[in-house]
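Residue numbers (my numbering): 49 to 107.
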């Protein structure tokens with residue numbers, strides 16, 4: 049169960065979302081903070097936070 053760990057794998061030249069910056073695609077907005085990345089649907093208010101501590105669902 050769970051997700052495979054990829055932090056120690058070479059992921060190549062992936063784009064990085066700097067701390068304090070947001071990325072929007074349609075109604076989805078993701079914000080990068082030093083504590084993790086929060087993504088949510090601006091219409092429903094539902095989303096999730098991903099951090100070193102784990103994943104939190106926001107409903």
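All residues carry an ideal CB built from backbone N, CA and C; glycine is no exception.
- Membership of residue 70 in the beta strand (DSSP E) is indicated by the continuous run 70-73.
- Secondary-structure assignment with DSSP links residue 88 through a beta bridge to 77 and 95.
- Boundaries of the beta strand (DSSP E) around residue 102: 102-106.
- When only Cα atoms are considered, residue 102 and residue 83 end up about 11 angstroms apart.
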